[in-house]
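Asks: First residue of the sequence shown: 1, per UniProt numbering; consecutive thereafter. All C-beta atoms in this analysis are idealised placements derived from N, C-alpha and C, irrespective of residue type, glycine included. The structure presented is a predicted model; accordingly, all values stated were derived computationally and were not measured.
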Amino acid sequence: MSELTPEQIYAAHREIQEHEIVVDALEEQIRSLLTEVQKLRKEQQQRREAINQCKGAISLLRRIPEDILIQIFEHCVQDGWTLAPVVVSGVSRAWRKAARAPRVWSHVYVDFDSPKVLWRVRSWLANARQAPLHITLTESWNAHGPLLHEVMDMLVQHIPQWHTLSVESRTIQHANALFSYLTGPAANLREVDIVTEFHFHNELDGEHNDIISLQDAFKPEYTPNLSRIRYESNVLPATAIFPPHIHDLHLKVTESPSARALSAASIIMLLESLPSLRSLSLEMPLFYEQPFVPEIEQSRTVTLPDLESLTLYGPTDLNEVLHHFRCPALRFLYLRSLEEMGYRQEPIGPSLLNFIQGSQPPLELLELHDIDLTPAAFSASFVALSNLRELRLHESSISDETVRLLHGPGALCPRLSRLDLRWCGHLSGRALVELVRSRNIVDLERAASGGSGGQADPITEIGVINCCFVREQDILDLAALTVCRVVMREKDDYCRACDCCGNTRYRTRLRLRHMTNLSIQERASIHLII
């Protein structure tokens, strides 16, 4: 390559200078445009804020009535969002006004581990004013001495406003100390929930192993309206700790390696001190260090004259305690086992029959969940339950022959009108169709004669889930005769918590095979809840 001449070098420098001038001009233009862009973006943001303000002015949230907002905030607190009153106050003027309602602050959550527990209790009580109070106490290892005394002193000053009390305590000893502060009248208190536990490095014997301060804190003259107690612990109380005037007791013993045996004698002892019970639920663990200890004295009984609802949930052996119960007013009986035995539990039948014959209750609902009876026990129970209106069976080996005992005329359980059958592997669909049809015929004959004549009531609803010998055509035939349900109940269905009876695929298949091509008239004639 030849050397550049001076003229060529000069020309190159001149061209570079010209390009640099243009580049500088372009840079200045870019800066000007960027400045303009920033101005435009700022104006754009201002417009967006104005749009949001206008939308907020016409939004549904601004138009929600104040009383509805207050209810929404209350539900937020009830669902566990304890700081909801503080947070929602910063949303808007309308929300802040609604959040000032005393009811929104009436749920006082006391966490003794929080460094702001005193400020929080003081603020919530001040904002709640005279509203009914729902107190939740979460007590830890550190809740003692001056802190516990100061917090409880503030709360007890408002004890006439208490409507519910929930206590979560790490130890039974600490729970005893906490309840010892409750010495004044709480005339409006209605419910008490207690969750506590015993720590096994201590001795099990002794008065400090049960919350003995409960009866002193909730004397009838102090808490005349207290009706419900829910008590959860890892040991069954060994003494009568509950106030005698309560109407509803839910007692839950969690799984633990406790040396304190679960015994029928302890249960009977507890219930002997509660003559006013109307609802009782006993929930015991499946695994216990020592097996359930039955009562040696078979003639020992406890009478609960006002009890209307009884639920037993735990090991199969727990249901044998029925032998010792006398409940002449019982209307609802729920027997649920944690064990899937796969065979008929022989001791349950005699216990149930002894209970029915000894109490002669006007039983309207009987639920046997994973508890099975022999054909003879089923038959004897049906004979004794002339007022039974609803029967629920889960994992039962009830047979076609047993179901025929319910056929009309002259049927056993003449008032029976609702059936719920799940995982009944010995029962055929045709037997159910014949049962419903026989009751319908009896009902038509009764209507024609113009009187009851002691005849059986028709089956108004039948639920069938996961019964292997009930075919799809049987379901359709049942739905043509009465209301047939192949899905769990919306309310009062224990299987929803267990998720054992979802049968989504079966219901989808049934709908696609038989329901999609039906006319409006055909669908109207089929009463299927799917």
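Tell me the start and end of each unbroken alpha helix (DSSP H) in the segment 369-412 that is at least 4 residues and wholly inside, in chain order.
Replies: The segment 369-412 contains these whole alpha helix (DSSP H) runs: 375-384, 400-403.
Asks: What did DSSP end up calling Ile296 once you bin it into helix, strand or coil?
Replies: If DSSP states are grouped into helix, strand and coil, Ile296 belongs with coil.
Asks: Measure the beta-carbon distance from Pro294 to Ala264 and round it to whole angstroms, keeping in mind my assumption that it falls under 8 Å.
Replies: Yes, they are in contact, since the Cβ atoms of Pro294 and Ala264 sit about 5 Å apart, within 8 Å.
Asks: Could you compute how far the alpha carbon of Arg321 sits from the alpha carbon of Ser351?
Replies: Inspection of the sequence shows that residue 321 is occupied by Val rather than by Arg. Roughly 8 Å separates the two Cα atoms.
Asks: Given Ile462, which residues of its chain have a CB within under 8 Å of its CB, disregarding the five upstream and five downstream residues?
Replies: Closer than 8 Å at the Cβ level, and outside the excluded window around Ile462, lie Arg418, Leu419, Asp420, Leu421, Leu432, Val436, Leu478, Thr482, Val483, Cys484, Arg485.
Asks: Tell me whether Leu69 is buried or exposed, calling it buried when 16 or more other Cβ atoms sit within 10 Å of its Cβ.
Replies: Buried, since its Cβ has 16 or more Cβ neighbours within 10 Å.
Asks: Could you give the first and the last residue of the continuous beta strand (DSSP E) run that contains Glu197?
Replies: That residue, Glu197, is in no beta strand (DSSP E); it is neither H nor E in DSSP.
Asks: Report back the beta-carbon spacing between Ser169 and Thr196 to the nearest angstrom; my notes put them in contact at under 8 Å.
Replies: Yes, they are in contact, since the Cβ atoms of Ser169 and Thr196 sit about 4 Å apart, within 8 Å.
Asks: Report the option in Val464, Leu330, Gly425 whose CA atom is closest to the CA atom of Ile529.
Replies: Considering only alpha carbons, the answer is Val464.
Asks: Any contact of the segment 86-95 with the segment 109-117, i.e. 3+ C-beta pairs under 8 Å?
Replies: Cβ pair count under 8 Å is below three, so no.
Asks: Going by DSSP in three states, Phe112 sits in which element: helix, strand or coil?
Replies: Of the three classes helix, strand and coil, the one that applies to Phe112 here is coil, per DSSP.
Asks: Inspect the beta-carbon positions of Arg190 and Arg228 and report whether they are closer than 9 Å.
Replies: Yes; because the gap between Cβ atoms is below 9 Å, this pair is in contact.
Asks: Return the chain-ordered ranges of every beta strand (DSSP E) run that is complete within the segment 205-270 and spans a minimum of 3 residues.
Replies: The qualifying runs are 228-233, 248-253.
Asks: Would you mind stating whether Ala126 and Pro160 have Cβ atoms separated by less than 9 Å?
Replies: No, Cβ-Cβ distance for Ala126 and Pro160 is not below 9 Å.
Asks: If you count every other CB in all the chains shown that lies within 10 Å of the CB of Gly429, and 16 or more means buried, which is it?
Replies: Buried, because 16 or more other Cβ atoms sit within 10 Å of the Cβ of Gly429.
Asks: Do Thr138 and His107 have their beta-carbon atoms positioned less than 9 Å apart in this structure?
Replies: Going by C-beta atoms, His107 is not nearer than 9 Å to Thr138.
Asks: For a quick check, are the C-beta atoms of Ile211 and Ile241 less than 9 Å apart?
Replies: Cβ distance < 9 Å, so Ile211 and Ile241 count as in contact.
Asks: Who are the Cβ neighbours of Val121 in its own chain at under 8 Å, not counting the five residues just before and after it?
Replies: Closer than 8 Å at Cβ, skipping near neighbours: Val108, Val110, Val151, Met154, Leu155.
Asks: DSSP has Phe469 in a bridge; who is on the other side?
Replies: Phe469 is not bridged to any residue.
Asks: Got a sec? Which residues, its chain only, sit under 8 Å from Arg331 by beta carbon, not counting five neighbours each side?
Replies: Excluding sequence neighbours, Arg331 sits near Glu308, Ser309, Pro361, Pro362, Leu363, Glu364, Leu365.
Asks: Can you round the beta-carbon distance between Pro414 and Ser399 to whole angstroms, since I take them to be within the 8 Å contact cut?
Replies: Pro414 to Ser399, Cβ: 21 Å. No contact.
Asks: Within a Cβ cutoff of 6 Å, which residues of the same chain sit near Cys468, ignoring the five residues on either side of it in sequence?
Replies: Once the five neighbours on either side are set aside, the close Cβ partners of Cys468 are Gly425.
Asks: From Glu3 to Asp24, what does the alpha carbon distance come to, in whole angstroms?
Replies: Taking the straight line from one Cα to the other gives about 32 Å.
Asks: Taking all protein chains shown into account, decide if Asp79 is buried (16 or more other Cβ within 10 angstroms of its Cβ) or exposed.
Replies: Its Cβ having fewer than 16 others within 10 Å, Asp79 is exposed.
Asks: Of the choices Ala380, Arg230, Arg471, whose alpha-carbon is the least far from that of Val167?
Replies: Out of Ala380, Arg230, Arg471, Arg230 has the C-alpha closest to the C-alpha of Val167.
Asks: Given this structure, state the Cα-to-Cα distance separating Lys252 from Asn503, to the nearest angstrom.
Replies: Rounded to whole angstroms, Lys252 to Asn503 spans 30 Å at the Cα level.
Asks: Residues in the same chain with beta-carbon distance under 6 Å from Arg344, minus the five sequence neighbours each way, listed in chain order, please.
Replies: Legend: pLDDT at Arg344 = 49, less than 50; position of this residue unreliable, no value from coordinates given.
Asks: Considering only the alpha carbon of each residue, which of Arg471, Glu472, Val403, Ile441 lies closest to Asp457?
Replies: The shortest Cα separation from Asp457 among Arg471, Glu472, Val403, Ile441 belongs to Ile441.
Asks: Identify which residue in Pro285, Asp248, Glu297 has its Cα closest to the Cα of Pro275.
Replies: Considering only alpha carbons, the answer is Asp248.
Asks: Quick check on Leu368: buried or exposed, where buried means 16 or more other Cβ atoms within 10 Å of its Cβ?
Replies: With 16 or more Cβ atoms within 10 Å of its Cβ, Leu368 is classed as buried.
Asks: Please state whether DSSP places Tyr313 in a helix, a strand or coil.
Replies: Looking at Tyr313 - three-state DSSP - the assignment turns out to be strand.
Asks: What span of residues does the alpha helix (DSSP H) with Leu512 cover, start to end?
Replies: Segment 504-514, the alpha helix (DSSP H) holding Leu512.
Asks: So what does DSSP say about Val167, is it helix, strand or coil?
Replies: DSSP places Val167 in strand when its eight states are reduced to three.
Asks: Phe355 and Leu318 - do their beta-carbons sit closer together than 9 Å?
Replies: Cβ distance not < 9 Å, so Leu318 and Phe355 don't count as in contact.
Asks: Cys495 and Asn466 look like a contact to me (Cβ under 8 Å); what is the Cβ gap, rounded to whole Å?
Replies: Wrong, their Cβ atoms sit about 10 Å apart, outside the cutoff.
Asks: Helix, strand or coil for Asp499? Go by DSSP, reduced to three states.
Replies: In this structure, Asp499 counts as coil in the three-state DSSP scheme.
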